[in-house]
Amino acid sequence: MKIAVCIKRTPDSESRFKVASSATGIDETGLKFDVDDFAGYAVEAALQANEKGGGGETVVIALGPDNVQEVLRKAMSMGADRAIHLKADSLPSDGLAVAKALSAELKDQGFDLILFGKQAFDTSAGVVGTATAELLGLPCVTAVSKLDVSAGQGTARRDLEGAGEMVSFPLPAVVTIDEGVARPRYPSLKGIMAAKKKPLESKPAQLGDARVTVQKMELPPERAAGRIIGEGAAAVPELIRLLQTEAKVL
Amino acid sequence: MNEPHLANPETNPSFTKGLFCGEIREELVFPYPVLSAEERESLGLILGSFRSWAADTVDAAKHDHDGQFGPGVREGMAELGLMGLNIPEEYGGFGASAKVFNRVFGEIGATDGALAVYFGAHQSIGCKGITLFGTEAQKQKYLPRCASGELVAAFCLTEPGSGSDAQAMKATATPSADGTHYLLSGTKIWISNAGFAGLFTVFAKVPVEENGKKKNRVTAFIVDAKAPGVSLGKLEDKLGIKASDTRGVFFDNVKVPVEDRLGDVGHGFRIALEILNSGRLGLSAASARGTRRLMEEALRYAKQREQFGRPIGSFEMIQRKFATFAYETYALDSAWMLTADMVDRGGVDFSLETAACKIHGSELAFKAASEAMQVAGGIGYSKEFPYERGLRDARINLIFEGTNEILRALVALMGLQQPGERLRAMGKAFRNPLHSLGVIGGFLAGKAKKTVSTPEFKLVHPEFAGEAAQVAELVKDLGAAVERVLMKHGKDVIDKQFLQERMANASIDIYLSTAVLSRVTAALEHAPDSANTAWEVECARSFISTAYRRARRNIRGLTRHRDERLKWLAERALDSGELLPASPTD
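Same order as they appear, the protein sequences are chains A and B. 89 is the number that our numbering gives to position 89 of the first sequence; each next residue is one higher, with no gaps. 1187 is the number that our numbering gives to position 187 of the second sequence; each next residue is one higher, with no gaps.
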């Protein structure tokens, strides 16, 4: 099966973030970047689908400046067969602009399955996968936690609040992946070596117009310092009163 | 016979040997090494894989408690490919540079000391001999299986009667009458990985006849752990690194095919030294990373633990500890990385530098574990927290892969070789002056030159000109003091270990200071305005001023000391079996 996985390079979620001096993005100095968490699950899902199907090709695609090649090589060291880098000076905030570039690349390549993470850790927009499906005119299943594909047909489980939903769909299709589908494998040393020899094609991204731009980014306001109301049982009534009237949580 | 060395002391250039001659061989230590972009990316992936895997699989406290690795740990190391990290690519390994290998070693060591010993005993020393000295056939036969983890390797040098004195070994390998194999017999002890091993690198003496005299020549062999006649002793119950499988290994007339002899007959000792020379660098990288990890644990505690209404980290006695280990570990990191680059560059004699890193690193990590425990107070002493395990695990590093004592003697005596040869050549020359005018003239010229031009650093960043001048002054004074020691004691210096220890310590501090100068220069040149560089500058200044004072004291102690008194006390204790005179309560 020929599977494309569109992945994004995002900062490690355990980093400490600062707003950049431009106030429209984060300060990237000292941050560690990696394959986005959900995209990592998508890569794993693709590799497992092809391992189960006894062959095929897994192609990873990322859009952005040259540094996205790192995450493409990581995906290849996990086992993807080749990579496509859609070159752009920066990644637009408008998911539709990105989806246009991806669909332009994906449309005539005969992919049976196109995977995305359900959303990226940094923007949490969840737009690019669904928009790409729309532009390609393909069925789209979002937030999939279990995926089975074979011979022109796919089934997937979507975890809803308190319930699960099983869906089926014809291939080709676009599927966005939630965690739970499979733990991404660790690149082995052999995989890392092999990735250096796998093809990585770099070409200009045909981005659409970016109509959404970030005007301002700000951190949540700092929490006010805690207050000690009193000690022991005597303080409880006052605490309850404040929780009801001031904090309004009771 | 020493003439070639004398005529061309740069044949095998060594930075530290230069220090003993009062020289700064700056080209060997500048510019500070950097990882290529490709290496940096691979290293990031390897560390990322190891960390994710270890977080799921490696429970160091449980390994310590159980005295064995948990399920999937050794298999996981193999599946990740780590067992072949420094085995060349053409034999199925990753072919990591020494820089990358030792950084990964450090990460493993900071995660689980016993696992680092498993990893290091296999690759740093266990099968390293085959990589360095094996024939093509031996490499083809063994290395791919070592790289895959199918064959775990172990290094068998130490014997009951032969520890630091490796030449005293008793194990023998006698050639069979038909010349097809050797019969290996002997006892090896303290063998890390013994119980896991599929192959042993074993050192034994081969009887030979030279000029009609019978001699025994130390020779290296690759021995199949399953060969008849190989047996294992019981698992040692150790202070730390408990999951590391340490045992005696017994060889009773084990048939070793001649094609499994590693190197030539009589080359075993040199092979062992070469393996250990690069092997011990891993210990220093693990010491650096382990120090950082345990101290950071203590940092978190010091921020959160309050006494007298404030975090204990705000008290200066606690702050002094963090500051000390910040700059000492900075120096260690600077030095092991610089030394690893010497290994990668090739053509440089790095034997004294790896010894310096091992000595400084092992002692630093042990002290750090003790001080981290001190910061944590009572809970530091509890098995619920990692401090006491860190303390026990770190202790072995002062002992194995060459005790710190034998390594200090090595640094001093190897360091003394060149100045000693110059003086000896002088002595010989004066006995036969007509034939040796060139030698005398050359030596006197060198001496005259030395008194005029003092050693100096030319490549250090101007911001560190003051520190560079201080270090250069140490080099000059060490060179001069070494010469005085040699003039006074001649070859008796071999027994002057009080002096050797000081020389070694001074040269180690000078080497570390130099590594710091090199690294901070690179930081100031490449990223002068970064906050990280400013932090580095502070570490560098603090280390060099401390190391300067230590080295000063050690150099002064080469000519002014109270060693006779110390010797008297030691010998009195040794004679009587009592450490000190009766106490008033006895």
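Where a beta carbon is used, it is the ideal one built from N, C-alpha and C, also for glycine.
Counting only beta-carbon separations shorter than 8 Å, does residue i have a partner in chain B?
{"i": "residue 246/A", "result": "no"}
{"i": "residue 70/A", "result": "yes"}
{"i": "residue 199/A", "result": "no"}
{"i": "residue 242/A", "result": "no"}
{"i": "residue 7/A", "result": "no"}
{"i": "residue 192/A", "result": "yes"}
List the residues of chain A that residue i touches, going by C-beta distances under 8 Å, in chain order.
{"i": "residue 1107/B", "result": "What residue 1107/B touches in chain A: nothing, since even the nearest Cβ is about 14 Å away."}
{"i": "residue 1041/B", "result": "70, 73"}
Could you confirm whether any beta carbon from chain A is found closer than 8 Å to the beta carbon of residue i?
{"i": "residue 1053/B", "result": "yes"}
{"i": "residue 1046/B", "result": "yes"}
{"i": "residue 1035/B", "result": "no"}
{"i": "residue 1494/B", "result": "no"}
{"i": "residue 1089/B", "result": "yes"}
{"i": "residue 1119/B", "result": "no"}
Buried or exposed: residue i, going by 16 or more other Cβ atoms within 10 Å of its Cβ?
{"i": "residue 1308/B", "result": "exposed"}
{"i": "residue 1352/B", "result": "buried"}
{"i": "residue 1145/B", "result": "buried"}
{"i": "residue 1534/B", "result": "exposed"}
{"i": "residue 1315/B", "result": "exposed"}
{"i": "residue 1025/B", "result": "buried"}
{"i": "residue 1532/B", "result": "exposed"}
{"i": "residue 133/A", "result": "buried"}
{"i": "residue 1071/B", "result": "exposed"}
{"i": "residue 1422/B", "result": "buried"}
{"i": "residue 1278/B", "result": "buried"}
{"i": "residue 1399/B", "result": "exposed"}
{"i": "residue 1254/B", "result": "buried"}
{"i": "residue 231/A", "result": "exposed"}
{"i": "residue 1490/B", "result": "exposed"}
{"i": "residue 1500/B", "result": "buried"}
{"i": "residue 1259/B", "result": "exposed"}
{"i": "residue 28/A", "result": "exposed"}
{"i": "residue 172/A", "result": "buried"}
Chain A partners of residue i, CB-CB under 9 Å?
{"i": "residue 983/B", "result": "The question about residue 983/B has no answer, for chain B in this structure spans 1001 to 1586."}
Tell me the residue span of the alpha helix (DSSP H) that contains residue i.
{"i": "residue 1181/B", "result": "Careful: residue 1181/B lies outside any alpha helix (DSSP H), inside the beta strand (DSSP E) at 1181-1192."}
{"i": "residue 1279/B", "result": "1268-1304"}
{"i": "residue 61/A", "result": "Segment 57-64 is the beta strand (DSSP E) holding residue 61/A; no alpha helix (DSSP H) there."}
{"i": "residue 1178/B", "result": "Neither: residue 1178/B is in no alpha helix (DSSP H) and is coded neither H nor E."}
{"i": "residue 1539/B", "result": "1531-1559"}
{"i": "residue 1154/B", "result": "Taken as a continuous stretch (DSSP letters only), residue 1154/B belongs to no alpha helix (DSSP H), being part of the beta strand (DSSP E) at 1153-1156."}
{"i": "residue 1331/B", "result": "1316-1345"}
{"i": "residue 1357/B", "result": "1351-1376"}
Which residues share a DSSP beta bridge with residue i?
{"i": "residue 1203/B", "result": "1220/B"}
{"i": "residue 115/A", "result": "5/A, 175/A"}
{"i": "residue 155/A", "result": "148/A, 168/A"}
{"i": "residue 1255/B", "result": "1183/B"}
{"i": "residue 1307/B", "result": "1310/B"}
{"i": "residue 85/A", "result": "62/A, 202/A"}
{"i": "residue 1232/B", "result": "1249/B"}
{"i": "residue 1173/B", "result": "1184/B"}
{"i": "residue 160/A", "result": "163/A"}
{"i": "residue 1261/B", "result": "1221/B"}
{"i": "residue 1208/B", "result": "1215/B"}
Does the distance between the C-beta of residue i and the nearest non-hydrogen atom of the ligand ZN fall short of 7 Å?
{"i": "residue 1492/B", "result": "Among the components modelled here there is no ligand, and therefore nothing to report on the ligand ZN."}
Could you pull the start and end residues of the beta strand (DSSP E) that residue i belongs to?
{"i": "residue 202/A", "result": "200-204"}
{"i": "residue 1509/B", "result": "Careful: residue 1509/B lies outside any beta strand (DSSP E), inside the alpha helix (DSSP H) at 1497-1526."}
{"i": "residue 1119/B", "result": "Where residue 1119/B is concerned, there is no enclosing beta strand (DSSP E), although the alpha helix (DSSP H) it sits in stretches over 1113-1120."}
{"i": "residue 35/A", "result": "33-35"}
Can you name the residues of chain A whose CB is closer than 7 Å to the CB of residue i?
{"i": "residue 1085/B", "result": "189"}
{"i": "residue 1094/B", "result": "189, 193"}
Which residues of chain B have a Cβ atom closer than 7 Å to the Cβ of residue i, listed in chain order?
{"i": "residue 77/A", "result": "1045"}
{"i": "residue 186/A", "result": "1049, 1052, 1053, 1080"}
Quick one: which chain B residues come within Cβ less than 9 Å of residue i?
{"i": "residue 26/A", "result": "Correct list: empty, because the minimum Cβ distance to chain B is about 17 Å."}
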